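For the sequence shown, counting from 1, position 35 maps to 35 in my numbering; every step adds exactly one. Have a look at the structure below before the remarks.
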Amino acid sequence: MSNSELLKELGIELKGKTHGQIKVLCPKCSPDRKNKKEPCLSVNIDDGVYSCKNGCGFEGRVIEKSKKES
Numbered sequence: 001m002s003n004s005e006l007l008k009e010l011g012i013e014l015k016g017k018t019h020g021q022i023k024v025l026c027p028k029c030s031p032d033r034k035n036k037k038e039p040c041l042s043v044n045i046d047d048g049v050y051s052c053k054n055g056c057g058f059e060g061r062v063i064e065k066s067k068k069e070s
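Structure follows, in structure tokens:
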């Protein structure tokens, strides 16, 4: 699976992007925030790294699996 597919499985909406750096809504804290539409999750799709800048603790890294590993 690609990084973008793995990120989507975590509930991260990538707005159709498959690579690069993007800021999107955090699936953990955005629904409960006062400003629900302010993007606070920084995502580097190429590296599979994500981190919420709102401080909710939603952060981590996904590791792309090659077809040979599957």
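Don't be surprised by glycine CBs; every beta carbon is placed ideally from N, CA and C. Predicted, not measured: the structure shown is a model, and the values here were computed from it.
Asked                                                                                                                               : Found
Is there a C-beta anywhere in chain D that falls below 8 Å from the one on residue 3?                                               : Protein chains in the displayed structure number just one, and chain D is not present.
Check whether the Cβ atoms of residue 61 and residue 49 sit closer than 8 Å, and answer yes or no.                                  : yes
Strictly by DSSP, which residues pair up with residue 60?                                                                           : 50
Which same chain residues, not among the five before or five after residue 4, have their C-beta less than 8 Å away from its C-beta? : 14, 17, 18, 19 and 45
From this set, 10, 1, 65 and 2, which residue's C-alpha is nearest residue 58's C-alpha?                                            : 10
Consult DSSP for residue 42 and reduce its assignment to one of helix, strand or coil.                                              : strand
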